[in-house]
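A.B. asks: In the numbering used here, the protein residues as written are 30 to 181.
Using N, Cα and C, we set each Cβ at its ideal position, and we do this for glycine too.
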């Protein structure tokens, strides 16, 4: 028996792919296997922290704090998949009362506020406070900001 392995990222093409595979003479069976990309030890630590924060319900601060937004959680998980160990090793995460997330790098005296559609960051430098507000959220933009802060 010969095995053919095809790796795809977009699950939406699976029905069409299965149909094509079934039409090929000699194909006996089709098995689907989902794999999770390997992530760095720091990403694993951050995922563990995130799991604790995901359980927070409305009023987790004994007042009126909102739980973490599912969109923010998804965006952060996507960041973890795309980052490497050096990108996040000095970062920690914390929930904010409005459902956003703070990424904090105490070594660099920097914070990033991750919201559903945008993020903001600031760094306390010798020349004062610098940063940028309301950056349209994409994983690549967020990772670029993290890398810039890490090397500032």
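1) Please tell me whether residue 124 and residue 143 are closer than 8 Å, where the distance is taken between their beta carbons.
2) Taking the C-alpha atoms as reference points, what is the distance between residue 157 and residue 131?
3) Run through DSSP, which three-state label would residue 44 get?
4) Assuming residue 145 contacts residue 101 under a Cβ cut-off of 8 Å, what Cβ separation, rounded to an integer in Å, is found between them?
5) Relative to the C-alpha of residue 116, which residue among 95, 75, 90 is closest?
6) Along the chain, where does the beta strand (DSSP E) containing residue 80 start, and where does it finish?
7) I'd like the list of long-range same chain contacts for residue 113, defined as Cβ closer than 8 Å, with 5 residues on each side in sequence excluded.
8) Express the C-alpha separation of residue 47 and residue 40 in angstroms, rounding to a whole number.
9) Do the CB positions of residue 166 and residue 108 come within less than 8 Å of each other?
10) By how many angstroms is the C-alpha of residue 122 removed from the C-alpha of residue 81?
C.D. replies: Straight from the coordinates:
1) When the beta-carbon positions are compared, residue 124 and residue 143 stay at least 8 Å from each other.
2) 20 Å
3) helix
4) 6 Å
5) 75
6) Premise fails: residue 80 lies in the alpha helix (DSSP H), 70–83, not in any beta strand (DSSP E).
7) 69
8) 11 Å
9) With a cutoff of 8 Å on beta-carbon distance, residue 166 and residue 108 are scored as not near each other.
10) 11 Å
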